[in-house]
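Comments concern the structure below.
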Amino acid sequence: MRTSSPYEATVQQVIAERERIRVLRRERQIRYRKKKHDYMLIIEAEAKILRQQIKNLKQRRSSLSAVDSTEQNIWNVAVEYFKLFRYGLRVEREVSANTTINSSIQLSFLRTSMSPDVVFNTQQGINAMITSWRYITYAFQALEMELESLVRSVDGSLVATTRTSVSISEHTLCNVFPHLCGDGDADLNRLAGKLVGHRFHMCGVTRFEWNAASRRISTVISQAGMLAPMLRLLGGLEDVSRVYQKSRMSLDFQWSGAFD
């Protein structure tokens, strides 16, 4: 058998190396073309999504432009309500349980946008709204109510989803959970210790109804869920029940008490 000379062996190595390089280049080109193709598919998919979003925004703008003045007013009133009452009731001096000097801007807004006999949760009238807001602002620390979304329901009312945050202090205990302020019950003291210093975040819903005749808001029903964050903190329904046994606030964040 004829053996290859060193020269022929070198030539074969060179040819093999060139073939290997050619195969690698071809594989790189295939990967590059595939990567480019995949990238184009991604771009086309994102462009399709963007076109649909633009279409939806145009339809939304058209629908908002087409609504009558009554619908525009109720939307504007609802948005302004959350803007003015985001941090509760403003006062011109230090807030207290019996404060009667309220923000003229907030009062003016309520008087011009709400019916005089407006239904506010279980109460009625603008004064009832002011009283409720005054109590909540006074009792809770660092109150903040954020508007997250606002949609029109099938019955024509506006439904807002909200996120309300409050902090519990010793002051809050005495005004909202007075039965937790005493020193005689060790178990109640344990619950009070868990509450003080904690900040609660509640998901809520507020519904606005419009009176076409008076062109004002006729009903404001507002609720915020205190049960879920309270249950997460205390760990059991029995403890939650004890906290709210003599509470002046309900679990849906409704004022149900009175000042001492």
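When we follow the working numbering, the leftmost residue of the sequence shown carries the number 2, and every step to the right adds one.
Positions of the beta carbon are idealized from the N, C-alpha and C atoms, including for glycine.
Bear in mind the structure is a predicted one, so any value in this text is a computation, not a measurement.
Helix, strand or coil: how does DSSP classify residue i here?
i	result
VAL155	coil
HIS180	helix
GLY205	strand
VAL68	Unreliable placement is indicated for VAL68, whose pLDDT of 47 sits below 50; the coordinate value is still reported in the next sentence. Coil, per DSSP.
THR11	helix
ASN212	strand
ARG243	helix
GLU18	helix
PHE86	coil
VAL197	coil
THR173	helix
ASP186	coil
ARG263	Residue 263 is absent from the structure shown; the chain starts at 2 and stops at 261.
Measuring alpha carbon to alpha carbon, tell me which of the options ends up nearest residue i.
i	options	result
SER301	MET115, THR162, PRO7 and GLN53	Past the edges of the chain, shown from 2 to 261, lies residue 301, and the structure says nothing about it.
ARG249	SER109, TYR136, TYR40 and GLU47	TYR136
GLY236	LEU111, LYS37 and LEU196	LEU196
SER215	GLN107, TRP76, ASP118 and LEU181	ASP118
THR165	LEU144, SER150 and CYS175	LEU144
SER109	GLU9, ARG87 and TYR82	TYR82
PRO230	LYS56, ILE222, MET41 and ASP240	ASP240
THR138	ILE55, TYR88 and ASP186	TYR88
Tell me where the alpha helix (DSSP H) around residue i begins and ends.
i	result
THR113	105-114
ARG249	No alpha helix (DSSP H) contains ARG249, which DSSP labels as neither H nor E.
ILE127	127-140
Return the Cβ separation of residue i and residue j in integer angstroms, given the expectation that the two are a contact with Cβ distance under 8 angstroms.
i	j	result
VAL244	PHE178	6 angstroms
MET203	PHE121	Actually they are not in contact, since the Cβ atoms of MET203 and PHE121 sit about 18 angstroms apart, beyond 8 angstroms.
LYS247	HIS180	4 angstroms
TRP134	PHE201	TRP134 to PHE201, Cβ: 18 angstroms. No contact.
Confirm, please, whether the CB-CB distance from residue j to residue i is below 9 angstroms.
i	j	result
HIS199	LEU232	no
TRP211	GLY126	no
VAL160	THR207	yes
PHE209	ILE75	yes
SER251	SER257	yes
LEU148	MET130	no
LEU151	ALA79	yes
THR162	MET146	no
Does the Cβ of residue i lie closer than 8 angstroms to at least one heavy atom of the ligand FMN?
i	result
ILE16	In terms of ligand content, the structure shown is empty, and the ligand FMN therefore cannot be addressed.
Taking residue i as part of the beta strand (DSSP E), name the residues at either end of that continuous run.
i	result
ARG217	217-225
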